[in-house]
Amino acid sequence: MKLGLAQLQWDDRVTTQARTLGWQVYPQGGANSRPADPSLILTRGPRVLLVYLRTGRRRADRQPPVERFPEGIETACWYPEDWPQVLGVLGGGQASGVGA
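See below:
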């Protein structure tokens, strides 16, 4: 899947901040990626966080299919306007699911 400039910049901003705060970052982009797959897999210690990065308008009917992951897997769907929440989660807080 080819990303536009806004998506690339958003991805870079989150990735850079995550690495600065000690997260290992595993990007999921590439020709074989699907919109239903997380954009990033972040790990720090025993914690694993599946992150969907989105730009554009937030729509209730376009939420990532996180129900396919086992109970207890942390997931988040972040938009640029969620930056304060992103910083909180990366700094040690818990993701509260899609829309975190």
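Position one of the sequence shown corresponds to residue 2 (the numbering used here), numbered consecutively onward.
The beta carbon of each residue, even a glycine, is placed where N, CA and C say it ideally should be.
Just so we're clear, the structure is a prediction, and the values are computed from it rather than from any experiment.
Segment limits, alpha helix (DSSP H) that includes residue i
i   : result
P85 : 84-91
R60 : Careful: R60 lies outside any alpha helix (DSSP H) and carries neither H nor E.
R20 : 6-21
Proximity to residue i [Cα-Cα], best of the options
i   : options            : result
P71 : L51, D13, Q10      : L51
V15 : G46, E68, T56, Q64 : T56
G92 : D12, L41, R48      : R48
A77 : R45, D13, Y53      : Y53
Q8  : Q86, R20, L41      : L41
I74 : T44, A61, Q10      : T44
E82 : L22, W11, L6       : W11
Those residues which DSSP pairs with residue i across a bridge
i   : result
L41 : P28, V52
Beta-carbon proximity check, residue i vs residue j, cutoff 8 Å
i   : j   : result
P39 : Q29 : yes
Y80 : R59 : yes
P65 : A37 : yes
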